[in-house]
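Below is one structure, written out as structure tokens, with a few remarks after it.
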Amino acid sequence: MIPRLGLLTVALLWCPLAAGQPVTASFSDETASHGEIVTVTTEMIHPDMDGWSFGSCHDPSELDLVSVEDGLALVLDPPAFNTVNLFDGGWTAGVVFFGPGAFFPAATSEIKLATYEVISTEPDHLSSIEFCDTLGSPPVSIQFIPEGLGAPTTFLQTNDGSVLINPLIFFRRGDANLDGLTDLADALTILDGLFLDLDLTCPSAADVDDSGALDLADPIQLLTALFGTGYAIPGPTIDCGVDPTRDSLSCPPATCP
Ligand SMILES: [Ca+2]
Ligand SMILES: [Ca+2]
Ligand SMILES: [Ca+2]
């Protein structure tokens, strides 16, 4: 016969297991500029799972939800039930594995990829992506159910994410030396950058043909525009402006005279 104290010890050791095993669900932190598309990843650190549901909320005046796709973990191990609903201010997800031996094996897993367009023009602003239970009718609750438990874990940690909105970058294409004029000196500045490995302060301004890359075509097109057959440099040229075509080039903020 087990002594009463022993029964209590067994119960205390068993209770945390009955309440579920720890699950951590997180939205990633990303950085993007106005007009850019940015993907926020939902990651889950978990035991073997039978299913889950949650909502993701954002400010629709700052981010425009484009799509929500399965992460690699769900692509490789498709659930029996897998649904996503989009709303003006967020999205909901519900996943269930059922059938003999069906569960989502333990791993650090990317389960969803949510894509947004940054529509806010407010720079240096942190736009939050939060776990929420307010979307849908009836609202979708935040529940993560480990395998065989039949109830949500009570050891759930959710980590909200964010999109840091960069300042808008203004520049004048062709004015590579940033003196407010577009002339021969700029072509030489670009050539020095390409062949003497000198730093170009504002690569976007040096990308004369707006190809998204810096190469010999840029100084040649600038010389053509200045002295040749009237090549028209893509904007922004007269006034400082932002790049109308996204690329990996940039400039320090506030460099446009
Ligand atoms: Ca210049
Ligand atoms: Ca170029
Ligand atoms: Ca561009």
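Residues 2 to 258 (the working numbering) are what the sequence shown spells out, left to right.
For each residue, glycine too, the CB sits at the ideal point set by N, CA and C.
Being a predicted model, the structure only gives us computed values, none of them experimental.
Given residue i as reference, the closest of the options once Cα atoms are compared
{"i": "L201", "options": "D176, D210, G181", "result": "D176"}
{"i": "I170", "options": "L224, P204, S27", "result": "P204"}
{"i": "L224", "options": "V209, L215, G236, A214", "result": "V209"}
{"i": "P106", "options": "F132, S54, E148, T25", "result": "E148"}
{"i": "Y232", "options": "I221, S138, P48, G194", "result": "I221"}
{"i": "H35", "options": "T25, T256, C257, R247", "result": "R247"}
{"i": "P48", "options": "V39, I120, T25", "result": "T25"}
{"i": "S62", "options": "T43, L75, Q144, G91", "result": "G91"}
{"i": "H126", "options": "F99, P101, L114, P168", "result": "P168"}
{"i": "Y117", "options": "A94, S68, I146", "result": "S68"}
{"i": "D187", "options": "A207, L150, L195", "result": "A207"}
{"i": "E111", "options": "D216, V76, H59", "result": "V76"}
{"i": "D219", "options": "P101, I191, G151", "result": "I191"}
{"i": "T154", "options": "T109, D51, T32, S128", "result": "D51"}
{"i": "G157", "options": "Q144, V164, I166, L150", "result": "Note that residue 157 corresponds to Leu in the displayed sequence, not to Gly. The shortest C-alpha separation from L157 is found at Q144."}
{"i": "S1", "options": "G194, V141, G137", "result": "Residue 1 is absent from the model: the chain starts at 2 and stops at 258."}
{"i": "T93", "options": "F132, D211, I46", "result": "F132"}
{"i": "T256", "options": "L114, R174, F228, K113", "result": "R174"}
{"i": "I166", "options": "A108, L195, S129", "result": "S129"}
Burial state of residue i (16 or more Cβ within 10 Å)
{"i": "P254", "result": "exposed"}
{"i": "V41", "result": "buried"}
{"i": "G7", "result": "Because the pLDDT at G7 is just 43, under 50, the model does not fix this residue reliably, and the value given afterwards should be weighed accordingly. Exposed."}
{"i": "L179", "result": "buried"}
{"i": "F28", "result": "buried"}
{"i": "L14", "result": "Since pLDDT at L14 reaches only 39, below the 50 mark, its modelled position is unreliable, and no value is offered."}
{"i": "L87", "result": "exposed"}
{"i": "P237", "result": "buried"}
{"i": "E70", "result": "exposed"}
{"i": "D240", "result": "exposed"}
{"i": "P4", "result": "For P4, the predicted model reports a pLDDT of 44, less than 50, meaning its position is unreliable and no value from the coordinates is stated."}
{"i": "I38", "result": "exposed"}
{"i": "E44", "result": "buried"}
{"i": "A226", "result": "buried"}
{"i": "P80", "result": "buried"}
{"i": "T183", "result": "buried"}
{"i": "F98", "result": "buried"}
{"i": "D244", "result": "buried"}
{"i": "A152", "result": "exposed"}
{"i": "T230", "result": "exposed"}
Any C-beta of chain B under 8 Å from that of residue i
{"i": "T93", "result": "No chain B appears in the structure shown, which is made up of a single protein chain."}
Paired residues, beta bridge with residue i - DSSP
{"i": "F228", "result": "The partner list for F228 (beta bridge, DSSP) is empty, contrary to what the question assumes."}
{"i": "V41", "result": "A115"}
{"i": "A26", "result": "M45, T159"}
{"i": "A207", "result": "The partner list for A207 (beta bridge, DSSP) is empty, contrary to what the question assumes."}
{"i": "C133", "result": "G56"}
{"i": "A33", "result": "I166"}
{"i": "G242", "result": "F172"}
Ranges of the alpha helix (DSSP H) found wholly within the stretch 142-201, counting only runs of at least 4: List check, alpha helix (DSSP H) in window: 185-196.
My parser needs the alpha helix (DSSP H) runs of 4 or more residues fully inside the stretch 60-127; what are they? Runs found: 73-77.
Sequence-ordered residues whose beta carbon comes within less than 5 Å of a heavy atom of ligand 1: Close to ligand 1, as judged by a C-beta nearer than 5 Å to any of its heavy atoms, are the residues D176, N178, D180, L182, D187, in chain order.
Neighbourhood of ligand 3 [Cβ distance below 6 Å to any heavy atom], ordered by chain position: Output, sorted by chain position: D211, G213, D244, T246, D248.
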